[in-house]
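*Asks:* Okay, handing you the structure first.
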Amino acid sequence: MICIPIIANNLDDALCDMDEASKVADIIEVRLDYLKNPDLKCILERRTKPIIITNRPVREGGKFEGSEEERLAVLKLAIQLQADYVDIEHDSIQNIRRDTVHRVPTKIIVSYHNFRETPDNLASIYQKLSQCGADVVKIVSYANTITDNVKIYRLLRQAHGHVISFCMGEYGMTSRILYKRFGSYLTFASLRKGKESAPGQISIQEFLTIYRAQRQDKDTGIYGLIGNPVAHSISPLIHNTLFKEMNLNSIYVPFKVDNISDFIRAFRELDVKGYSVTIPHKESVIHHLDAIDSMAKKIGAVNTIVNKGDQLIGFNTDCKAAIQVLEDLQQTSGMGTKNNHFTGRCVTLLGAGGASRAIAFGLQERGAHVTVVNRNYERAQSLARDVGCLSKKFGDLPEIKTDILINATPAGMFPAVNETPVDKNRLKPNMLVFDTIYNPAETRLLREAKAQGCKIVGGLPMFVNQAAAQFELWTGIKPPLKLIEEIAYKILVGE
Ligand code: NAP
């Protein structure tokens with residue numbers, strides 16, 4: 000079930016929000032502690048969906064500032080008026096008379112909130128709460144790291160009866176989204192952005208459109224994106240739409256990861272079927288996998304992980320994706336060779352990170368003369384040594400004559416859209432210019448290159464190719480490129 004909390008501060012707004020929330024939520028929580036002079040009778044009469052009445056004190060992260068007697072009197076009244084659920088804090092439950100609780104149809108939720116951390120003793124907290132005679136136990140903690148979600152997963156696997164449990168905060172999104180897969184009785188989603196009742200709550204719209212909340216169950220296959228940052232990635236929408244179109248019971252979620260070693264170790268327990276890997280973990284993740292595909296090993300960077308019988312295997316789909324884009328560009332610009340090789344072509348590659356490594360190896364293997372140019376020259380030299388190509392300092396760029404110029408740096412990427420890695424005067428007509436950045440779809444570098452008469456291509460086709468290759472590695476199904484392109488284009492260009 001998805002519960003939408005109502006956090007309006009006056010009755011009219013609360014009733015209005017309740018009506019709106021009832022159209023999409025399974026259950027509504029009315030936070031009386033936000034309301035000035037709440038009219039409980041009116042609220043309960045207005046409901047069209049089951050309702051949870053909560054009157055959270057400041058000590059548990061709420062806004063109710065009156066006396067404990069006043070606060071509990073409101074909760075007792077909610078029970079008398081037969082609210083569907085009443086949430087009572089674990090340290091107050093003994094103060095609500097047991098006979099009041101047991102003689103009415105209202106279900107009692109006994110709750111524990113920890114806004115500082117996800118403690119190690121969740122099991123003993125659960126034991127204590129489950130002895131209170133409540134119908135539902137609620138344990139909500141704060142995630143300081145992504146692995147805190149695994150503590151919630153363990154708790155829910157061991158618990159009996161109805162238990163609501165997840166982590167708050169940015170790192171806690173995993174347990175909020177995967178609530179059914181983890182076994183939580185319900186999860187919370189905000190009515191819209193700005194209406195969150197706790198940190199890390201995502202909107203109902205995101206829940207329904209990106210994560211297809213209703214489709215999830217205990218058998219749902221988990222996939223996800225390892226990176227930092229991951230909040231603005233378009234990959235969840237793309238892969239979740241593909242799972243929907245292919246009718247697969249799978250979900251793709253973002254994992255904001257600081258420590259890759261801890262993450263891979265802890266998340267093995269969740270049996271995640273596959274990962275995408277992005278900045279800054281593409282190189283470091285290699286040391287924590289069970290096997291690496293030969294191309295990924297050669298490149299020294301992994302952007303895809305497949306779980307085959309509990310063995311995590313690393314692949315690199317960036318290389319093939321970028322080469323395909325350059326081959327297409329050669330073809331459309333009339334520079335294509337018979338076998339579409341790059342033999343004899345001079346390529347200047349800006350950047351020496353994970354993407355550059357993949358592209359440099361792919362092009363060198365296909366006969367191109369690659370020159371790596373990077374801000375940190377030692378890094379350029381190191382990549383050039385590994386690949387067996389040339390390297391130059393960024394300052395030497397005016398002297399470079401090239402057939403193909405590739406930007407594999409974030410210079411020009413959203414939000415720094417006015418940046419460009421190359422002065423426009425260095426761009427010559429007939430050069431092929433490939434910018435791997437896909438947000439924005441057309442960077443300043445590409446606009447200036449087009450004005451100089453260059454043939455251009457942005458990062459979107461590479462993104463589409465590598466996402467399709469990942470999906471095929473995970474599922475064995477070739478997804479329609481057109482669909483991926485349409486979704487990505489819609490998000491990035493808004494059309
Ligand atoms: P990375 O491993 O972090 O490497 C970044 C590289 O860019 C480094 O060589 C860095 O130089 C250089 N750099 C960073 N900021 C710069 C600036 N302002 N001016 C000049 N150079 C700068 O990142 P990555 O994974 O290789 O990704 C690099 C780019 O490729 C990103 O824009 C990403 O969006 C794009 N990419 C696109 C796709 C796709 O599917 N279209 C796939 C992968 C990557 P130093 O070594 O001097 O720090």
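Residue numbering for the sequence shown follows numbering that gives the first Met the number 0, starting at 0 and increasing by one per position. Glycine included, C-beta positions come from ideal geometry on N, C-alpha and C. No experiment lies behind these values; they were computed from the predicted model shown.
Is the beta carbon of I322 sitting closer than 8 angstroms to the one on G361?
*Replies:* yes
*Asks:* Ligand 1 and K319: does any heavy atom of the ligand fall closer than 7 angstroms to the residue's C-beta?
*Replies:* no
*Asks:* Going by DSSP, what residue range makes up the alpha helix (DSSP H) through M294?
*Replies:* 293-298
*Asks:* How big is the Cα-Cα spacing for L80 and V162?
*Replies:* 24 angstroms
*Asks:* If you draw a straight line from the alpha carbon of V372 to that of I51, how long is it in whole angstroms?
*Replies:* 60 angstroms
*Asks:* Quickly, what does DSSP pair A158 with across the bridge? List them, please.
*Replies:* None; A158 has no bridge partner.
*Asks:* If we count the other Cβ atoms within 10 Å of its Cβ and call it buried at 16 or more, is F114 buried or exposed?
*Replies:* Answer is exposed; the Cβ neighbour count stays below 16.
*Asks:* Taking all protein chains shown into account, do 16 or more other C-beta atoms lie within 10 angstroms of the C-beta of M17, making it buried, or fewer, making it exposed?
*Replies:* Here M17 is buried, its C-beta having at least 16 other C-beta atoms within 10 Å.
*Asks:* Please list, in chain order, all residues of the same chain as I95 whose beta carbon is under 7 angstroms from its beta carbon, the five residues on each side excluded.
*Replies:* L71, L74, K75, I87
*Asks:* Going by alpha carbons, who is nearest to E169 out of R156, A158, E195, Y152?
*Replies:* Closest option to E169, Cα to Cα, is E195.
*Asks:* Can you tell me the Cα-Cα spacing of T146 and K281, whole angstroms?
*Replies:* 19 angstroms
*Asks:* Quick one: Cα of K35 to Cα of D11, how far?
*Replies:* 11 angstroms
*Asks:* Spatial neighbours of I503 within its chain, please: CB distance less than 6 angstroms, with the 5 preceding and 5 following residues excluded, ordered by chain position.
*Replies:* Residue 503 cannot be examined here, being either before or after the span of the chain that is shown, 0 to 494.
*Asks:* Please report the straight-line C-alpha distance between P104 and T186, rounded to a whole angstrom.
*Replies:* So the alpha carbons of these two residues sit roughly 22 angstroms apart.
*Asks:* Please report the distance separating the alpha-carbon of G387 from that of L177.
*Replies:* 45 angstroms
*Asks:* Tell me whether Q310 counts as near ligand 1, meaning its Cβ is closer than 7 angstroms to at least one heavy atom of that ligand.
*Replies:* no
*Asks:* From R220 to V271, what distance separates their C-alpha atoms?
*Replies:* Note on residue identity: the sequence assigns Gly, not Arg, to residue 220. Here the alpha carbon of G220 sits roughly 7 angstroms from the alpha carbon of V271.
*Asks:* From this set, F341, V149, T331, which residue's C-alpha is nearest R267's C-alpha?
*Replies:* V149
*Asks:* Could you give the distance in angstroms between the alpha-carbon of A421 and the alpha-carbon of L382?
*Replies:* Note on residue identity: the sequence assigns Val, not Ala, to residue 421. Taking the straight line from one Cα to the other gives about 21 angstroms.
*Asks:* How big is the Cα-Cα spacing for R45 and I483?
*Replies:* 43 angstroms
*Asks:* Compute the minimum distance between the beta carbon of Q79 and the heavy atoms of ligand 1, and state whether it is under 7 angstroms.
*Replies:* no
*Asks:* On a CA-only basis, which of I304, S293, E441 is nearest Q469? Give me that one, please.
*Replies:* The option with the nearest alpha carbon to Q469 is I304.
*Asks:* Using only CA atoms, which one of Y84, G273, A197, S332 lies nearest to N306?
*Replies:* G273
*Asks:* For I436 and V456, what's the separation of their Cα atoms in angstroms?
*Replies:* 10 angstroms
*Asks:* What does the alpha-carbon distance come out to for the pair I138 and D292?
*Replies:* 42 angstroms
*Asks:* Label A122 either buried or exposed according to how many other C-beta atoms from any shown protein chain fall within 10 Å of its C-beta, with 16 as the threshold for buried.
*Replies:* With fewer than 16 other Cβ atoms within 10 Å, it is exposed.
*Asks:* So, A407 versus L349, is the Cβ gap smaller than 8 angstroms?
*Replies:* yes
*Asks:* For V85, list the residues DSSP reports as bridge partners.
*Replies:* I52, I107
*Asks:* With a CB to CB cut of under 7 angstroms and the five nearest residues on each side skipped, what residues in its chain are close to K243?
*Replies:* R211
*Asks:* Could you work out which residue in F63, Q451, S355, T347 is closest to V301 when comparing CA atoms only?
*Replies:* S355
*Asks:* Would the beta-carbon of I107 fall within 8 angstroms of that of D134?
*Replies:* A contact, by the Cβ cut-off of 8 angstroms.
*Asks:* What first and last residue would you give for the beta strand (DSSP E) that runs through R30?
*Replies:* 26-30
*Asks:* Which value, in whole angstroms, describes the spacing of the CA atoms of A359 and V369?
*Replies:* Roughly 7 angstroms separates the two Cα atoms.
*Asks:* Name the DSSP bridge partner or partners of D434?
*Replies:* N406
*Asks:* Around the C-beta of E28, are 16 or more other C-beta atoms found within 10 angstroms, so that it is buried, or is it exposed?
*Replies:* buried
*Asks:* If contacts are defined as beta-carbon pairs under 8 angstroms, then L39 and A77 qualify, I think. What distance do you get, rounded to the angstrom?
*Replies:* 6 angstroms
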